Each structure stands twice: as C-alpha cells, then as structure tokens.
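Student:
Protein chains in written order, with this note's numbering: chain A, 308 to 420; chain B, 211 to 325.
1) Leaving aside the five residues before and after residue 352 of chain A along the sequence, list all residues of the same chain whose C-beta is less than 7 Å from its C-beta, in chain order.
2) Which first and last residues belong to the beta strand (DSSP E) in which residue 409 of chain A is found?
3) Residue 367 of chain A CB to nearest chain B CB: under 8 Å?
4) Answer yes or no: does any C-beta atom of chain A fall closer than 8 Å to that of residue 287 of chain B?
5) So, under 8 Å CB-CB, residue 236 of chain B and residue 304 of chain B are touching, yes? Tell me the CB distance rounded to an integer number of Å.
6) In terms of residue numbering, what span does the beta strand (DSSP E) encompassing residue 374 of chain A cover?
7) So what does residue 220 of chain B bridge to, in DSSP terms?
8) In the DSSP assignment, what residue or residues form a beta bridge with residue 333 of chain A?
9) Does the distance from the CB of residue 324 of chain A to the CB of residue 388 of chain A come in under 8 Å?
10) Just the Cα atoms here: how many angstroms apart are residue 420 of chain A and residue 390 of chain A?
11) Please classify residue 318 of chain B as buried or exposed, where buried requires at least 16 neighbouring CB atoms within 10 angstroms.
12) Taking only beta-carbon atoms, is residue 253 of chain B less than 8 Å away from chain A?
13) Using a Cβ-Cβ cutoff of 7 Å, what residues of the region 263-275 of chain B are near chain A? List them in chain order.
14) For my contact list, residue 331 of chain A and residue 375 of chain A are in at a C-beta cut-off of 8 Å; report their separation, rounded to the angstrom.
15) Check whether chain A comes within 8 Å of residue 228 of chain B, counting only Cβ atoms and requiring the distance to be less than that.
16) Give a yes or no on whether 8 Å exceeds the smallest Cβ distance from residue 278 of chain B to chain A.
17) With a threshold of 8 Å on Cβ separation, who are the neighbours of residue 262 of chain B within its own chain once the five nearest residues in sequence on each side are excluded?
18) Within 8 Å (strictly less), CB to CB, does residue 211 of chain B reach chain A?
19) To the nearest angstrom, report how far apart residue 362 of chain A and residue 402 of chain A are at their CA atoms.
20) Do residue 393 of chain A and residue 346 of chain A have their beta-carbon atoms positioned less than 8 Å apart in this structure?
21) Express the C-alpha separation of residue 233 of chain B and residue 218 of chain B in angstroms, rounding to a whole number.
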C-alpha cells in the first residue's frame, strides 16, 4: 500500500533563504509526482508535475526533483519570500491508474520578513 | 486561466440532512474527482469518475455518498444523511488525461459543517 511522508512537518525561515522540502513514498512504481501549495482554508494549487521519466522540473524559483528508485522527491525554493508561506503537499498516483492521488501530510512553511 | 469552481464555499447543515456539493470542472477535462480534508488531516481520495461511471472509490465513499454529472458542465457530490464526522473540506478536481498520467487541478473547496 502506497504511503507518502513529508518531512519536516513545519519549517520557519528568514526571508531570502533557500530551502528544501522532502517527500518520500513507499512504492516506487509511480507514473508521476505532483507538488501542491495550500493556503489556510483554501484549495490546492498545482505547482509542479514530474513525470516518472523526468528527474527535475522547474517553475520560476521552484525546482522539484524525483528519484524513483529511492522513493524520494524534493522541492527546492530559492530566495524565499513571505508570500511563499503556505502548506506544501506532495502526492503520487495510486496503483490503479484511475487518477487517485495519495497525499502526504504536508510541510507548513513560514517565511519571516 | 481555466479553473475548477465549487459551490457553496461553506455549508452548515444538521445531522441527518442531505447535502449536495457542486463543481464545474475545467471545460475540456474528462476525468473528475472528489477529495476531502478533515481539519488537520491529510487530503483523502473519495471517488474518481469518467464517462458517467465511477472508476474507483475509497472505503470512505459508502452508500451515503453518490456522484453525478447531471449535464455537460456540472459534477455533484451528494451526501444523503450527513453525520458529524462528514464535517470536512471537500475538494473537486479534474484532469485532461487518464489516471496517473494526468495533472489534477483542484477547486477552492466546499467547507461542510455538520451540527
């Protein structure tokens, strides 16, 4: 059964720092991995989708990497800003290929001015 | 930019009442989903829907739940007789491609409070 874990659960950094969020999954047979952002009380905004054949995906100050064999993904945020404060979730598809996503519990990031 | 829209944003209901949550997926998407998030917990899959059929449902999605695509634009989640433990944020999502290949796009959610 696929399980997704995110470490750390919470992170507080000063503005301008580069930071790394971690995601691990137990079953490496995944099609892709998706990173989301969730602001308090709001929906999920898709940040990056990495296909299983890719090792990295970049969007602006965000860079996500995927190492299927070790069951890990990282989300790198460069030059963090207070507006980056949110919860970051990673998710992988279930084995049934019906679009079901299995989510981690998220990392709540606070960037202090 | 196309987006998934959900109504209502917040609904308060009494235990035992029926609730219908509505979603308008992105217009050219064919795959639709409902997820829920109980406060402080992980986002959980409820059901996936394609071609007017349920593709997969979770253990949470029991006989009290149903989904429907009543017309070409709406996708609804019905809870027949709400329980206190149904209180959660419910998210609708859609994707253009099947299953694991597709990027899912989520709505802003409908917060359901059962009293």
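Glycine is no exception: its CB is placed at the ideal position from the N, C-alpha and C atoms.
Model, not experiment: these values are computed from the prediction.
Tutor: Based on what the coordinates show:
1) Taken in chain order, the residues that qualify are 343, 344.
2) Boundaries of the beta strand (DSSP E) harbouring residue 409 of chain A: 408-410, taken from the DSSP string.
3) Residue contact with chain B for residue 367 of chain A: absent (no Cβ-Cβ distance below 8 Å to any residue of chain B).
4) By this cut-off, residue 287 of chain B is not an interface position.
5) Confirmed, about 5 Å.
6) 369-374 is the span of the beta strand (DSSP E), which, as asked, contains residue 374 of chain A.
7) Partner(s): B:321.
8) Checking the DSSP bridge columns, you'll see residue 333 of chain A has no partner listed.
9) No. Outside cutoff.
10) Their Cα atoms are separated by approximately 10 Å.
11) Answer is buried; the Cβ neighbour count reaches 16.
12) For residue 253 of chain B, the answer is yes, since a Cβ of chain A falls inside 8 Å of its Cβ.
13) Per Cβ criterion, the list reads 265, 266.
14) Wrong, their Cβ atoms sit about 11 Å apart, outside the cutoff.
15) So no, residue 228 of chain B is outside the interface.
16) Chain A, which has no Cβ nearer than 8 Å to the Cβ of residue 278 of chain B, makes this no.
17) For residue 262 of chain B, where only same-chain residues beyond five positions count, the Cβ hits under 8 Å are 279.
18) Residue 211 of chain B does not count as touching chain A.
19) Rounded to the nearest angstrom, the two C-alpha atoms are 20 Å apart.
20) Going by beta carbons, residue 346 of chain A and residue 393 of chain A fall inside the 8 Å limit.
21) Residue 218 of chain B and residue 233 of chain B have their alpha carbons spaced roughly 9 Å apart.
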